[in-house]
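Below: the structure, in structure tokens.
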Amino acid sequence: MSLRTLCLTSVVALVASQAAAEMSFNRIASFPVVKNMAAGEDTNRETSPEIIAATADGMTLVYTDSPLGALGRIDITDPAIPQPLGNIALTGEPTSVAIVGDLAIVGVNTSKSYTAPSGMLQSINIVDGTVTNSCDLGGQPDSVAVAPDASFVSVAIENERDEDLNQGVIPQGPAGFLAMIQLTNEGLLDCDTLTKVDLTGLTDIAPSDPEPEFLSINDLGETVVTIQEKNHLVVVSKAGAVLNHFSAGAVDLDGIDATDERGALIFTESQKGRKREPDAVTWIDTNHFATANEGDYAGGSRGWTIFHKDGTVVYENGTEFEKAIIEIGHYPDKRSDSKGVEPESVTFAKFGDTPYVFVGAERASIVGVYDVTNPAAPVLKQLLPSGVGPEGYVAIPERNLLISANEKDLIEDKGARAHVMMFEYQNAPASYPHLTSAGTDELIGWGALSGLVADKDGILWAVNDSFYGFQPSIFKIDTNHSPARIVDVIRIHRQDGHPAQKLDLEGVTLDGKGGFYVASEGRTERVIPHAIYHVSAEGMIKDRKGEIGLPAELLAVEKRFGFEGITKVGDTLWMAVQREWKDDPKHHVKLVSYNLETKEWGAVHYPKAEPATGWVGLSEIVAHGDWVYIVERDNQHDFRAVTKKIYRVPASEMVPAPLGDDLPVVSKTLVRDLLPDLTSTGGYVLDKVEGLAIAEDGTAFMVTDNDGVDDHSGETIFFNLGNIEPAAN
Numbered sequence: 186m187s188l189r190t191l192c193l194t195s196v197v198a199l200v201a202s203q204a205a206a207e208m209s210f211n212r213i214a215s216f217p218v219v220k221n222m223a224a225g226e227d228t229n230r231e232t233s234p235e236i237i238a239a240t241a242d243g244m245t246l247v248y249t250d251s252p253l254g255a256l257g258r259i260d261i262t263d264p265a266i267p268q269p270l271g272n273i274a275l276t277g278e279p280t281s282v283a284i285v286g287d288l289a290i291v292g293v294n295t296s297k298s299y300t301a302p303s304g305m306l307q308s309i310n311i312v313d314g315t316v317t318n319s320c321d322l323g324g325q326p327d328s329v330a331v332a333p334d335a336s337f338v339s340v341a342i343e344n345e346r347d348e349d350l351n352q353g354v355i356p357q358g359p360a361g362f363l364a365m366i367q368l369t370n371e372g373l374l375d376c377d378t379l380t381k382v383d384l385t386g387l388t389d390i391a392p393s394d395p396e397p398e399f400l401s402i403n404d405l406g407e408t409v410v411t412i413q414e415k416n417h418l419v420v421v422s423k424a425g426a427v428l429n430h431f432s433a434g435a436v437d438l439d440g441i442d443a444t445d446e447r448g449a450l451i452f453t454e455s456q457k458g459r460k461r462e463p464d465a466v467t468w469i470d471t472n473h474f475a476t477a478n479e480g481d482y483a484g485g486s487r488g489w490t491i492f493h494k495d496g497t498v499v500y501e502n503g504t505e506f507e508k509a510i511i512e513i514g515h516y517p518d519k520r521s522d523s524k525g526v527e528p529e530s531v532t533f534a535k536f537g538d539t540p541y542v543f544v545g546a547e548r549a550s551i552v553g554v555y556d557v558t559n560p561a562a563p564v565l566k567q568l569l570p571s572g573v574g575p576e577g578y579v580a581i582p583e584r585n586l587l588i589s590a591n592e593k594d595l596i597e598d599k600g601a602r603a604h605v606m607m608f609e610y611q612n613a614p615a616s617y618p619h620l621t622s623a624g625t626d627e628l629i630g631w632g633a634l635s636g637l638v639a640d641k642d643g644i645l646w647a648v649n650d651s652f653y654g655f656q657p658s659i660f661k662i663d664t665n666h667s668p669a670r671i672v673d674v675i676r677i678h679r680q681d682g683h684p685a686q687k688l689d690l691e692g693v694t695l696d697g698k699g700g701f702y703v704a705s706e707g708r709t710e711r712v713i714p715h716a717i718y719h720v721s722a723e724g725m726i727k728d729r730k731g732e733i734g735l736p737a738e739l740l741a742v743e744k745r746f747g748f749e750g751i752t753k754v755g756d757t758l759w760m761a762v763q764r765e766w767k768d769d770p771k772h773h774v775k776l777v778s779y780n781l782e783t784k785e786w787g788a789v790h791y792p793k794a795e796p797a798t799g800w801v802g803l804s805e806i807v808a809h810g811d812w813v814y815i816v817e818r819d820n821q822h823d824f825r826a827v828t829k830k831i832y833r834v835p836a837s838e839m840v841p842a843p844l845g846d847d848l849p850v851v852s853k854t855l856v857r858d859l860l861p862d863l864t865s866t867g868g869y870v871l872d873k874v875e876g877l878a879i880a881e882d883g884t885a886f887m888v889t890d891n892d893g894v895d896d897h898s899g900e901t902i903f904f905n906l907g908n909i910e911p912a913a914n
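Counting in my numbering, the sequence shown runs from 186 upward without gaps.
As structure tokens, then:
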């Protein structure tokens, strides 16, 4: 058994134990596509794996990389240890790729303007990168698909509109069309056979300007085409005749959050008659196809649909997919007024005897796995964590593999790089999610968890941070379930009943009387004070009495990066300051104390690690037994991360000196390097390890902050770390 398998098995046992194993998809590896750059290249450039395909033997992946103008290649001979094969430079922007034999069939956009679109369909040798043929398409290509019998290729010639022209109002010529090109027995393009299928005059919306978006070909050689902006679907025969076309229709959405920038998850709104505007499409069999209803111009129904090719709606997902995503903390609140989770991609494959549809939610970075044995009643089996912005998928059932290409590269925002992720169909329980609010009477949305504290009987409490500025909350987590469950939520409010604002909650501890003390990290330029708040069991902060502001000695030296964690020892609260303030020696930060009885403030100095890149700070403090435990982390993601660690300090050294005096420096001992934990589920290292809780018996739990799914994969890692207490001598 490989080390990767051992790690995955350990995590599975922690978060998803079941009485009997069942077949599940679990992530086994993540490949940062920047690794495909050649030595000496500028790795700070954006890379983006979008559409992805696999060779017939399932050993090599090929993906389009639009920013680099290249095809990327990955060796997955061992899918748990993917290896770079480098990039193939192209003469334009790749838009889609399919594979026939040893050739990649690539749509290449060479347009000079929106009004003069152009492009090519090229066949490229995957091994050496040579172009074996190139067909002028007479327009800008988008999706490319090869017929199952490899007899021809269909290409959606989108000729997309200029979204900055008249606010993107349609129509905007020239019109798009469907291109069909025959393949020789050797899999070569026969450019002389190119047929243009006219799609004008079919749609109810801007019929003169079809913009075909995506397509799929069934075993009969029929091509189904989505015309997204016009909310239309077209079925074309192998000979190029339009067999049927129909509106994709609309859906009434209830129980959604349709308002942006509130910083609150409130699922009480509706959208009536919301156009589906499907993006990706895939055949399930020769009569049925599924669409991902992302939306574009004026719609997006947040779900997905199965149609019969005669135009009948066989299944409508409605809000079920989005609500399942909400329960696992992946809901992108900043997209509430637009298209919510944005289902953008949809893929079909049969694993064993089970037919599956895989639905990718671009903004939630989630892959939904649906059993479509009965196309009229699909069953959601799993939600898989993807990288940021899943765009393309390829299934390799012969090797029990599902691959996702995640297009978002956050290099400019100092975030995670773009990744391709490998999932394996295993005889094992699902390893994700680690935390869910499923099963509550009311839908509980959550995210950006930033602090933890342990209560009795397996109960933890967690707070969210300022991302949800209009909905500060304390979540009750029951760890006796697998996965752990959020079973209740306390909304923090003022005495007048309104939600408490100007808070950035980064720590929580019990007050011993059923309530809580919470630490809020200040930010002076946003008029958010550094403070401690006493919160009742019902969530109320009493005016003035429940507020503990910082003394003048601290405010005189404060910086933006303040309290990150709070713990209580007797009558004393201890807060960890994330980074150096103005009076701190380099690489030393304060652990600040406040005595609830005497109202006295004090502090000690804690020596934190020197960063290899970026910065290192503290993100949690927990007192337990004879020790105080500290979480140190750098601000690095993925393969660049170095410091994600738990240390302990002897409680006997936590003797505060008065503020303004020379502060004693405590000693620290490494308890656990969290990097192996953070990569044990096959993903990349997440930036923010922010919560640590230790139960009475020494069992420790950790949680990561998913930033409210804003420029983040949305993934929350919540682990039971086992007994953290030092072994007895």
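All residues carry an ideal CB built from backbone N, CA and C; glycine is no exception.
Rounded C-alpha distance that separates residue i from residue j
i, j, result
"Gly292", "Asn403", "20 Å"
"Pro618", "Glu583", "26 Å"
"Thr369", "Glu398", "26 Å"
"Arg863", "Leu906", "Per the sequence shown, the amino acid found at residue 863 is Leu instead of Arg. One C-alpha to the other measures close to 11 Å."
"Gly845", "Glu738", "7 Å"
"Gly750", "Ile511", "26 Å"
"Ala613", "Leu569", "14 Å"
"Glu414", "Ala741", "56 Å"
"His772", "His822", "21 Å"
"Gln611", "Arg212", "10 Å"
"Arg676", "Arg745", "25 Å"
"Gln567", "Thr866", "15 Å"
"Lys830", "Glu743", "25 Å"
"Tyr248", "Gly577", "9 Å"
"Gly630", "Val531", "25 Å"
Closest Cα partner of residue i within the set the options
i, options, result
"Thr694", "Pro395, Leu322, Val648", "Val648"
"Leu387", "Ala534, Asp811, Ser432", "Ser432"
"Ala747", "Asp689, Lys771, Ser251", "Here the sequence assigns Gly to residue 747, which means Ala is not the residue at that position. Cα-wise, what sits closest to Gly747 is Asp689."
"Glu710", "His493, Gly692, Lys687", "Lys687"
"Val827", "Ala797, Asp847, Val807", "Ala797"
"Asp701", "Asn272, Ala722, Ser530", "Correcting the residue type first, residue 701 is Phe in the shown sequence and not Asp. When each option's Cα is compared against that of Phe701, the closest is Ala722."
"Thr490", "Pro528, Ile511, Glu454, Ala283", "Pro528"
"Val338", "Lys423, Gly271, Thr757, Leu620", "Lys423"
"Pro911", "Pro849, Thr262, Thr558, Gly883", "Gly883"
"Lys853", "Ser865, Arg833, Leu860", "Arg833"
"Gln268", "Lys775, Met606, Pro849", "Met606"
"Ile733", "Thr752, Glu743, Val703", "Val703"
"Asn585", "Asn820, Tyr791, Glu609, Thr411", "Glu609"
Cβ-Cβ distance between residue i and residue j below 8 Å
i, j, result
"Val498", "Phe492", "yes"
"Thr444", "Asp522", "yes"
"His604", "Phe210", "no"
"Ile879", "Tyr779", "no"
"Val255", "Leu275", "According to the sequence shown, residue 255 is Ala rather than Val. In contact: Ala255 and Leu275 (Cβ atoms closer than 8 Å)."
"Glu226", "Pro252", "no"
"Pro463", "Ala477", "yes"
"Val573", "Ile237", "no"
Residues near residue i in its chain [Cβ-Cβ closer than 8 Å; skip 5 each side]
i, result
"Asp728", "Arg679, Gln680"
"His473", "Ile491, Phe492, His493, Lys494, Val499, Pro560"
"Leu373", "Leu288, Ser308, Thr317, Asn318"
Cβ neighbours of residue i in the same chain (closer than 7 Å, five flanking residues each side left out)
i, result
"Thr385", "Ala360, Pro392, Ser393, Pro395"
"Thr889", "Leu871, Lys873, Val874, Glu875, Thr901, Ile902"
"Ala435", "Gly458, Arg459, Lys460, Arg461"
"Glu782", "Asp756"
Close Cβ partners of residue i (< 6 Å) along its chain, the five nearest in sequence each way excluded
i, result
"Ser303", "Thr295, Ser296"
"Thr300", "none"
"Gly406", "Ala332, Lys423"
"Arg447", "Phe655"
"Thr190", "Because the pLDDT of Thr190 is 36, which lies under 50, any placement of that residue in the model is unreliable, and the question is left without a value."
"Ile451", "Asp442"
"Ala198", "In this prediction, Ala198 scores a pLDDT of 36, lower than 50, which makes its location untrustworthy; the coordinate-derived value is nonetheless stated afterwards. Counting only Cβ-Cβ distances below 6 Å, and skipping sequence neighbours, we find nothing."
Using 8 Å as the cut-off, can you tell me whether the region 478-486 makes contact with the region 590-605, which would need three or more C-beta pairs spanning the two stretches below that distance? no
If we count Cβ pairs, one from each stretch, closer than 8 Å, do we get three or more for the region 534-542 versus the region 651-668? no
Does the region 753-767 come close enough to the region 798-812 to have 3 or more Cβ pairs within less than 8 Å? yes
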